[in-house]
Amino acid sequence: MVRHFPEVNKVYLHKKRDYFITAFTFFCVAVCLVSDANADMAKQNALGVCGWVFLIGLLLGETKDVRVQVLIAVMFATIGEHFASPFMGGYTYRFGNVPAYVPPGHGMVYLTAVALARSGLFLNHARQIAAFVVVACGLWSLWGISGIPAQGDYVGALLFVVFLAYLFKGRSPMVYLAAFFITTWLELIGTAVGTWKWAAIDPVLHLPQGNPPSGVAAWYCLVDAVAMGGAPQAMRLVGTVRDYLKSQKIRKNIYQGAGSD
């Protein structure tokens, strides 16, 4: 059940970079979403520019593998945003669009989940953190289907079950745990200030869902699975293209050399 969790009798080191990325992203998420609550389109676009600058800056200190994972996560999550929001209407932003800061924001959120997952705090206390997340999210899900809230949350309860499956069977349980904290943070702020709102009835499952759904972190488990699985293939493809272009250049040089003779 926990074969992908960190070893128990091992001490993991703390790295300042991991905590800096985490604190910086949590702060930026709060400032961005609160700022967007009453912003016009021009300010939304400006927030998007800032988001890309911050994301690129953070990625400069990462390995090639992490950079590729983040890039894939951004592309997959952005496509998902356009499908789930403007097309399906699962949730709606203030202007009915996908704000310019959302794509780089997904990159920063995913990178934060990776940074927290590899941090000494999470690696040294993995099982305690997992227990807290399971209990907290479980109680949140039970509350959503208890009949107490005016807007029920059966979708959130289903997502919580999916989250548990990823957590105990997936390859990146620490990333999933970290995703719970950052996604919960941004969802609670974003819905509280009115930056976006989840539909009372999910357009696909036709079940009540909360604003936000309790198990929303499950979506980032899917994003991670795609990023982890797609990164090696993307790097192989880039390598193949690079080798092909290199071989073509060599052939061209040989041909030109032979022609000059």
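Each residue of the sequence shown is one higher than the one before, starting from 127 at the first, in the working numbering. We put the beta carbon where it would ideally sit given N, CA and C, even for glycine.
Exposure label - residue i; buried when at least 16 CB within 10 Å
| i | result |
| --- | --- |
| GLY177 | buried |
| ALA168 | exposed |
| PRO329 | exposed |
| PRO275 | exposed |
| VAL134 | exposed |
| HIS232 | buried |
| GLN254 | exposed |
| ILE182 | exposed |
| ASP191 | exposed |
| ALA291 | exposed |
| VAL157 | exposed |
| PHE248 | buried |
| ASP279 | buried |
| PHE221 | exposed |
| LEU303 | buried |
| PHE213 | exposed |
| VAL342 | buried |
Per-residue DSSP class, three states only, for residue i
| i | result |
| --- | --- |
| LYS323 | strand |
| THR92 | Only positions 127 to 387 of the chain appear in the structure, and residue 92 is not among them; the question remains open. |
| TYR219 | strand |
| PRO230 | helix |
| PRO299 | helix |
| PRO334 | strand |
| LYS142 | helix |
| GLN254 | helix |
| LYS169 | helix |
| LYS136 | coil |
| ALA276 | coil |
| ASP328 | coil |
| PHE150 | helix |
| ILE182 | helix |
| ARG244 | helix |
| HIS130 | coil |
| PRO339 | coil |
| PRO225 | coil |
| MET354 | helix |
| MET214 | coil |
8 Å CB neighbourhood of residue i in its chain, flanking five on each side removed
| i | result |
| --- | --- |
| VAL179 | none |
| LEU237 | ILE147, THR151, LEU181, LEU184, LEU185, GLU188, VAL192 and VAL196 |
| ALA210 | GLY216 and TYR217 |
Residues near residue i in its chain [Cβ-Cβ closer than 7 Å; skip 5 each side]
| i | result |
| --- | --- |
| HIS208 | VAL224 |
| TRP311 | PHE152 and VAL155 |
| PRO229 | VAL200 and THR204 |
| LEU331 | VAL281 |
Rounded distance between the beta-carbons of residue j and residue i, thought under 8 Å
| i | j | result |
| --- | --- | --- |
| VAL235 | ILE315 | Rounded, the Cβ-Cβ distance is 12 Å, inconsistent with contact. |
| LEU173 | ALA226 | 7 Å |
| GLY270 | ALA252 | At roughly 27 Å, the Cβ-Cβ gap does not stay under 8 Å, so GLY270 and ALA252 are not in contact. |
| ASN337 | THR317 | 5 Å |
| GLY216 | ALA325 | 6 Å |
| VAL128 | PHE294 | 7 Å |
Same chain, Cβ closer than 6 Å to residue i, neighbours up to 5 away in sequence not counted
| i | result |
| --- | --- |
| SER245 | ASP144 |
| HIS130 | ARG297 and PRO299 |
| ALA203 | HIS232 and VAL349 |
| ALA344 | LEU285, VAL288 and PHE289 |
| ALA353 | GLN195, ILE198 and ALA199 |
| VAL175 | none |
Pairs of beta-carbons, one from the segment 157 to 164 and one from the segment 260 to 277, closer than 8 Å: are there three or more? Contact between the segment 157 to 164 and the segment 260 to 277 is absent, because fewer than three Cβ pairs lie under 8 Å.
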